[in-house]
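Chemist:
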């Protein structure tokens, strides 16, 4: 059932939809990539934290009665909830395991994702939830002759902002520089008198904060439900891999490839839309097995 | 002396294994039908976990998406039985062969990479297969899967299915044991422990790893075929990455440096899901907690813990004999 015909306007607006999807993916993946770069752990619980971000956005926006100011507060508070959850998990459990093998750390994060996933079910239940965007971001505006949702334009603005913010943090602040150094040689950083354990904790929490931010931002565009963690995490892993493990700009490139191919798939062959981005990932990995950009590993 | 110890260990395990087998053989008429089904499911899952352990425990390969090969085996049989009019036995043979073929193709790309990159490439290739199966409604039934798959009349009763699965499991276990103890198995473990040195003494590391993947995926395909025999249906979650991680956990749970450990892990997992799942809908929460306890306190797995504990006695016996 190939789509038979489509206009340039369809193509352009679908590319824009893909780009705004890519922004969400980028925000989530940059956090995953940051944790991967500093801690060397593929954090499977990242998807569950993203889901918690979306569900907390639902609860917080309900608390403020779906008002415009409430929406902005939600965007601020929901990721903080996620950051708090991750801080507790890190200090209570994760920080005792850093000396273990990689596979053990991977399995720990998987166990964490199982627990967090069920806690979400316990707190919010298995029903569908939705968040209403504020009036200023509702509706759509015409671009290239077709209606384009305003909220997606907002996402196109937020994505680059997060990218610039993260770049400033990693390259211009002392904390960012220390975490980059800890990624390369944790023993040396420790020898210089820096508390590496807390560096890792900070990096982990920042990464998880980004997962929560992604969840809060995506909340108005989808129906929030259990199982959304499983879908995002596999996409996020693939994006981080094709971008180059631990490379934040790689996460951006990977997200753009993934989001746009998915959107084009919807246009060209809706039934197999989901196959397009996976095919793109496979092609990239076969051509450049270690990712498009330089991996920090 | 090492040879003597190895012989002794296997002889020590022979009698308990034979005892368990005899119990399993006389059990079906004595227990309710539900338990016969659960035991059959445990056998299928145990074989799946054992097949993964060949790659991960003995080969040290980051076989992250093993579930795909299980699914490919199951779907091949299901499609052969429902879409073609070929004799049934061809489907039963084609399942494992298709899984091994998928293992050969995916493994051929993966073995050039190491560790985490190996795992990620496998996840992406596996997800591609999952996505196709998930969406191809006309052929694979899409997200509904295929149900009511016919099976030969000889397997129509629950007891016959049980004995058939048990028979196949025992044959596969013997085959896996022979493979692990063969020169090939020894080489594989040497590669796991030190790939550089193995390459330096002239071992073709990649070829050995590829062969290990093909063998492991072949047995995963057998497990997939047995799943269809038992459940008479297939669905895309057989190929989803969460199942692959679950198999991984079974290996950890039982102990991945032991031969029979993953089997025990698979049994624990199925039993947990069945019996904890009966009382609460939050069984993954409990699984997560168990997993964390295991990582903290029993990193070698249940079987590994007991082996460690009784090792002095075994060694003593070996030196005495």
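Chains as they are written, first to last, in the numbering used here: chain S, 1 to 297; chain G, 1 to 321. Note that beta-carbon positions come from the ideal geometry of N, C-alpha and C, so glycine has one too.
Excluding five sequence neighbours on each side, which residues of the same chain lie with their C-beta closer than 7 Å to the C-beta of residue 138 of chain S?
Modeler: Closer than 7 Å at Cβ, skipping near neighbours: 150.
Chemist: Give the single residue among S/268, S/202 and S/242 whose Cα lies nearest to the Cα of residue 11 of chain S.
Modeler: For residue 11 of chain S, the nearest C-alpha among the options comes from S/268.
Chemist: Are there any heavy atoms of the ligand ZN lying less than 7 Å away from the beta-carbon of residue 75 of chain G, as far as the coordinates show?
Modeler: Summarising the ligand content, the structure contains no ligands, and the ligand ZN is consequently not present.
Chemist: Between which two residues does the alpha helix (DSSP H) holding residue 46 of chain G run?
Modeler: Its alpha helix (DSSP H) spans residues 33-53.
Chemist: Buried or exposed for residue 223 of chain S, please, with buried defined as at least 16 other CB atoms from any protein chain shown within 10 angstroms of its CB.
Modeler: That one is exposed.
Chemist: Please report whether the beta-carbon of residue 51 of chain S lies at a distance below 8 Å from any beta-carbon of chain G.
Modeler: So, not an interface residue.
Chemist: From the DSSP output, which residues share a beta bridge with residue 233 of chain G?
Modeler: In DSSP, residue 233 of chain G forms a bridge with G/147.
Chemist: Quick one: which chain G residues come within Cβ less than 7 Å of residue 110 of chain S?
Modeler: Those are 245, listed as they occur along chain G.
Chemist: Mapping the DSSP letters down to three states, classify residue 197 of chain G as helix, strand or coil.
Modeler: Residue 197 of chain G falls in the helix class under three-state DSSP.
Chemist: Quick one: which residues of the region 44-77 of chain G get their C-beta closer than 7 Å to a C-beta of chain S? List them in chain order.
Modeler: Correct list: empty, as no residue qualifies.
Chemist: With DSSP as the reference, label residue 114 of chain G as helix, strand or coil.
Modeler: Three-state result, residue 114 of chain G: coil.
Chemist: Are the beta-carbon atoms of residue 79 of chain S and residue 117 of chain S separated by less than 8 Å?
Modeler: Taking 8 Å as the Cβ cut-off, residue 79 of chain S and residue 117 of chain S do not qualify as a contacting pair.
Chemist: May I ask you to verify whether the region 156-166 of chain G touches the region 28-41 of chain G, counting CB pairs closer than 8 Å and requiring at least 3?
Modeler: Yes, they touch.
Chemist: When we look at the beta-carbon of residue 72 of chain G and count the other beta-carbons within 10 Å, is it buried (16 or more) or exposed?
Modeler: Buried.
Chemist: Between S/108, S/112, S/75 and S/70, which has its C-alpha nearest residue 85 of chain S's C-alpha?
Modeler: Nearest option by C-alpha distance: S/112.
Chemist: List, in order along the chain, the chain G residues whose C-beta lies closer than 9 Å to that of residue 304 of chain S?
Modeler: Limits of chain S in this structure are 1 at one end and 297 at the other, which puts residue 304 of chain S out of reach.
Chemist: Between the Cα of residue 62 of chain G and the Cα atoms of G/307, G/212 and G/80, which residue gives the shortest distance?
Modeler: Comparing Cα-Cα distances from residue 62 of chain G to each of G/307, G/212 and G/80, the minimum goes to G/212.
Chemist: Helix, strand or coil for residue 319 of chain G per DSSP?
Modeler: Note that residue 319 of chain G scores 48 on pLDDT, short of 50, meaning its location in the model is unreliable; the coordinates nonetheless yield the value given after this. If DSSP states are grouped into helix, strand and coil, residue 319 of chain G belongs with the helices.
Chemist: Name, please, each residue of chain G whose Cβ falls closer than 7 Å to the Cβ of residue 104 of chain S.
Modeler: Correct list: 295 and 299.
Chemist: Tell me where the beta strand (DSSP E) around residue 143 of chain S begins and ends.
Modeler: From DSSP, the beta strand (DSSP E) with residue 143 of chain S extends over 140-143.
Chemist: Give me the Cβ distance between residue 99 of chain G and residue 64 of chain G, rounded to the nearest whole Å; I'm assuming they're in contact under 8 Å.
Modeler: Going by Cβ atoms, the distance from residue 99 of chain G to residue 64 of chain G rounds to 16 Å, so no, they are not a contact pair.
Chemist: Against chain G, with Cβ distances strictly below 8 Å, would residue 268 of chain S count as a contact?
Modeler: For residue 268 of chain S, the answer is no, since every Cβ of chain G falls outside 8 Å of its Cβ.
Chemist: Is the distance from the Cβ of residue 232 of chain S to the Cβ of residue 44 of chain S below 8 Å?
Modeler: It is not a contact, given that the beta carbons lie outside the stated cut-off.
Chemist: Any idea if residue 247 of chain S is buried or exposed, counting beta-carbon neighbours within 10 angstroms, 16 or more meaning buried?
Modeler: Label assigned to residue 247 of chain S: buried.
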